[in-house]
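Here the sequence shown is numbered in the working numbering, starting from 709 and rising by one per residue. A virtual CB, placed ideally from N, CA and C, is assigned to each residue, including glycine. Everything numeric in this text was worked out from a predicted model, so none of it was measured. Report on one structure; see the data block that follows.
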Amino acid sequence: MWQPKQSKTSSFAVKSIDHVVLTVRSIPATVEFYTKKLGMKHEVFTSAKDPSVERHALLFGSQKINLHESGREFEPKAQAVQPGSGDLCFLTDTKVEDVLNDLKSVGIELRVFDFAIANFMKLWHADNNVLWKIRDMWLRVTHRDDAAVERTEGT
Numbered sequence: 709m710w711q712p713k714q715s716k717t718s719s720f721a722v723k724s725i726d727h728v729v730l731t732v733r734s735i736p737a738t739v740e741f742y743t744k745k746l747g748m749k750h751e752v753f754t755s756a757k758d759p760s761v762e763r764h765a766l767l768f769g770s771q772k773i774n775l776h777e778s779g780r781e782f783e784p785k786a787q788a789v790q791p792g793s794g795d796l797c798f799l800t801d802t803k804v805e806d807v808l809n810d811l812k813s814v815g816i817e818l819r820v821f822d823f824a825i826a827n828f829m830k831l832w833h834a835d836n837n838v839l840w841k842i843r844d845m846w847l848r849v850t851h852r853d854d855a856a857v858e859r860t861e862g863t
């Protein structure tokens with residue numbers, strides 16, 4: 709098992725995340741999914757370095773997800789970016805049944821699978837992975853072209 713090397717501890721602590729970047733196949737499709745299906749807000753902003761360059765972000769609560777389109781990423785960027793490699797965790801206090809009903813009402817096809825390991829659901833739509841925890845349930849949203857949800861029951 710990997711163990712970090714013992715070293716001097718930093719004298720500062722990370723307070724929060726400023727933003728996360730998702731690399732996606734299509735910014736318009738991603739914006740439509742997250743705003744219309746999951747209720748996030750879309751923000752268009754410009755680069756301080758080049759004000760003629762439009763950038764896109766998704767906002768929810770005090771959090772921000774910047775979007776890069778595959779092949780048109782902004783610098784600096786991660787070394788090996790690709791659509792579908794994001795994995796995030798979102799929290800909500802909404803009952804899982806209400807979330808499932810809401811997803812169905814906005815046109816997301818759901819397939820539910822029961823396992824005895826943990827509370828877990830998987831939703832595919834477009835090209836990114838997203839992980840939600842809904843009270844004691846995990847909702848894993850994998851943003852791909854087909855839509856489905858997997859849900860496991862248990863602790």
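The C-alpha of V722 is placed about 22 Å away from the C-alpha of L766. Judged by DSSP in its simplified three-state form, K772 adopts strand. Counting only runs of at least 4 residues, the region 713-753 fully encloses the following alpha helix (DSSP H) elements, listed from N- to C-terminal order: 735-740.
Here R780 is not bridged, per DSSP, to any residue. I773 counts as buried, since at least 16 other C-beta atoms from the protein chains shown sit within 10 angstroms of its C-beta. H764 and M709 have their C-alpha atoms spaced approximately 39 Å apart. Check the Cα spacing between G792 and each of Q711, V814, L730: the tightest is with L730. Of T800, A788, H776, the smallest CA-CA separation from A737 is found for H776. Following the DSSP letters along the chain, one finds D806 inside the alpha helix (DSSP H) bounded by residues 804-813.
Taking 9 Å as the cut-off, the Cβ atoms of K745 and L811 count as close. Counting C-beta atoms within 10 angstroms of its own C-beta, G769 has fewer than 16 neighbours from the protein chains shown and is therefore classed as exposed.
Setting aside the 5 residues that flank it on each side, N809 has no residue in the same chain whose C-beta is closer than 7 Å to its C-beta.
With respect to the C-alpha of D758, the residue from I735, V739, G747, F782 having the closest C-alpha is F782.
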